[in-house]
Amino acid sequence: MSDSIERVAVIGSGVMGAGIAAHCANAGCEVLLLDIVRDENDRNSVANSAIQQMMKSNPEMLMHKRNAKLITAGNIKDDLAKLSEVDWVVEVVIENLDIKRNLYASMSEHIGPNTIVTSNTSTLLVPN
């Protein structure tokens, strides 16, 4: 296991997920930003939109615009296998226990044995 985190996957590109992705990119990490497929013709549109918003945010989310190049957009339908390449997975999806459970079940086969997995949740009770 590495002593450092160099590659991060953030699953969920809303306000919190985008902020976490930007912070990791600002720290020099490569980031895979995943979200749902909303448009079959542009399967990464949700995550790409979040990256574009980072570039325009005020206050600025990215310390340098070039840090956006460290963030790769993807989606949870096509790109979960890429989780095997990251050191840290941050789950930041909607506060719905069924959605979170389904996501964890889907991504579990792709997580490496030394990968750190965390959840950013604010409204789910720990006993759940």
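In numbering that gives the first Met the number 0, the protein residues as written are 0 to 127.
From the three backbone atoms N, C-alpha and C, an ideal C-beta is built for every residue, glycine too.
Would the beta-carbon of residue i fall within 9 Å of that of residue j?
i	j	result
I4	V91	no
A24	L33	no
L102	I10	yes
M15	N119	yes
L61	A26	no
Only counting the same chain, and skipping five residues up and downstream in sequence, which positions put a Cβ closer than 6 Å to that of residue i?
i	result
K76	V36
Compute the Euclidean distance between the alpha carbons of residue i and residue j, then round it to the nearest angstrom.
i	j	result
R6	E59	22 Å
S105	A17	22 Å
D78	A8	10 Å
S107	K81	12 Å
I98	G13	15 Å
R100	H109	15 Å
D41	C28	25 Å
I115	H63	27 Å
L31	S83	11 Å
Can you find the residues in the same chain that come closer than 8 Å, C-beta to C-beta, to residue i, ignoring five residues on each side of it along the sequence?
i	result
T117	W87, V88, V89 and E90
S48	S12
Count the other C-beta atoms from every protein chain shown that fall within 10 angstroms of the C-beta of residue i, then say buried if there are 16 or more, exposed otherwise.
i	result
G73	buried
G111	exposed
I50	buried
V85	buried
M53	buried
S56	exposed
N128	Look at the range of the chain in this structure, 0 to 127, and you will see that residue 128 is not part of it.
Output needed for residue i: all residues of its chain with C-beta closer than 7 Å, excluding positions within five of it in sequence on either side, in chain order.
i	result
N43	A72, G73 and N74
D2	none
D38	S44
I93	none
So is the beta-carbon of residue i under 8 Å away from any non-hydrogen atom of the ligand GTP?
i	result
E5	What this structure holds is no ligand at all, so the ligand GTP is not there to describe.
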